[in-house]
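Colleague:
Residue numbers (our numbering): 51 to 189.
1. Between the stretch 125-133 and the stretch 70-79, are three or more C-beta pairs nearer than 8 Å?
2. From the DSSP output, which residues share a beta bridge with residue 76?
3. Have a look at the DSSP bridge pairing and note the partners of residue 144.
4. Taking the CB atoms as reference points, tell me whether residue 87 and residue 122 lie closer together than 7 Å.
5. With H, G and I counted as helix, E and B as strand and the rest as coil, what does DSSP make of residue 163?
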């Protein structure tokens, strides 16, 4: 079995590619998130890696039994599914990551009832930039 040696790579995170934490608090007390509505929370640039994302309920819904999903246009609950917005202050997240090859948004969606509480939405991302010249290597 051959051992390949990469001649132009260095250890660590390359300059310009730094993980970031995105966070926003959304208060729906005056403008409710109704069933099947979605709020575009974060805009993802092309070539962005989302390491994880989630939603934390800070203030419970005043009535009903709303559940919240956090996802995008292709999978509406990839990051959080059926987070209860009415029974307890909870956090919903998955360990799923996703590479956005094209621009998209991370969306908060109300599923089963109107949500009039407050949530914190967060994501850990790394903007990768465009693919450069291939790294050379030798056997």
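Think of the CB as a built atom: it goes at the ideal place given N, C-alpha and C, for glycine as much as any other residue.
Modeller: Well, looking at it:
1. no
2. 169
3. BP columns for residue 144 are empty, so no partner.
4. Contact flag unset, no.
5. Of the three classes helix, strand and coil, the one that applies to residue 163 here is coil, per DSSP.
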